[in-house]
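Visitor:
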Amino acid sequence: MSNGLFGIHGAALEIRAQRMGMLGSNIANAATPGYKARDIDFAAALEARMGGAEGERAVGSATRYRVPTMPSLDGNTVEMATEQSAFAENAVAYTATLGFLRGRVETLTRAIKGE
């Protein structure tokens, strides 16, 4: 997505989508012994992305392992309440970002049609 056309919202949507996948992976691996929960520092990833880093590099540099409040005996660091809360928060932010983009596209469509 072009930065000039969609501004920061295009990059934010990409990062939010990647974060959604990572949080989903954490939830899916809640019972996997030794699995280490990860998350993306959204602000750091967006800053790297807007600074010129490509998508995967920006997200890779902003990926952090979670520090559990109650580590399990099998070494798994997924805490379902934390993951579900982060997933829901990210889903709301994703929807809001998508709404901003939808509004931008509608505005451009009306401008092209001359409305």
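Remember, this note's numbering sits 102 above the position in the sequence shown when you count from 1.
Don't be surprised by glycine CBs; every beta carbon is placed ideally from N, CA and C.
Measure the beta-carbon distance from F189 to I129 and round it to whole angstroms, keeping in mind my assumption that it falls under 8 Å.
Guide: Here the question's residue 189 lines up with position 87 in the sequence shown. Here the question's residue 129 lines up with position 27 in the sequence shown. Confirmed, Cβ separation roughly 7 Å.
Visitor: Please list, in chain order, all residues of the same chain as L125 whose beta carbon is under 8 Å from its beta carbon, the five residues on each side excluded.
Guide: The sequence position of residue 125 within the sequence shown is 23, counting from 1. Closer than 8 Å at the Cβ level, and outside the excluded window around L125, lie D141, E185, A188, F189 and N192.
Visitor: Is S104 helix, strand or coil when you go by DSSP?
Guide: If you number the sequence shown from 1, residue 104 lands on position 2. With a pLDDT of 49 at S104, under the threshold of 50, the modelled position of this residue cannot be trusted; read the value that follows with caution. The answer is coil: DSSP assigns S104 none of H, G, I, E or B.
Visitor: With respect to the alpha helix (DSSP H) encompassing R212, which residues constitute its N-terminal and C-terminal limits?
Guide: To locate residue 212, count along the sequence shown from 1; it is residue 110. That run of the alpha helix (DSSP H) goes M182 to K215.
Visitor: Please report the residue range of the beta strand (DSSP E) in which R140 lies.
Guide: As a position in the sequence shown, residue 140 is number 38, starting the count at 1. Segment R140 to I142, the beta strand (DSSP E) holding R140.
Visitor: When DSSP labels each residue in this structure, what does R166 get in the three-state scheme?
Guide: As a working mapping, residue 166 is identified with position 64 in the sequence shown. In the structure shown, R166 sits in a strand (DSSP, three-state: E or B).
Visitor: Just to confirm my understanding: we take D176, look at its own chain, exclude 5 residues before and 5 after, and list those with CB closer than 8 Å. What are they?
Guide: The residue given as residue 176 occupies position 74 in the sequence shown. Excluding residues within five positions, the ones whose Cβ falls inside 8 Å are P135 and G136.
Visitor: Go ahead and label G154 buried or exposed: buried means 16 or more other beta carbons lie within 10 angstroms of its beta carbon, across all protein chains shown.
Guide: As a first step, residue 154 is located in the sequence shown; it is residue number 52 there, counting from the start. The residue is exposed, with fewer than 16 neighbouring Cβ atoms inside 10 Å.
Visitor: Helix, strand or coil: which one does DSSP assign to S127?
Guide: In the sequence shown, the residue the question calls residue 127 occupies position 25. The answer is helix: DSSP assigns S127 an H, G or I state.
Visitor: Between E116, F108 and A198, which has its C-alpha nearest V161's C-alpha?
Guide: Here residue 161 refers to the residue found at position 59 of the sequence shown. Cα-wise, what sits closest to V161 is E116.
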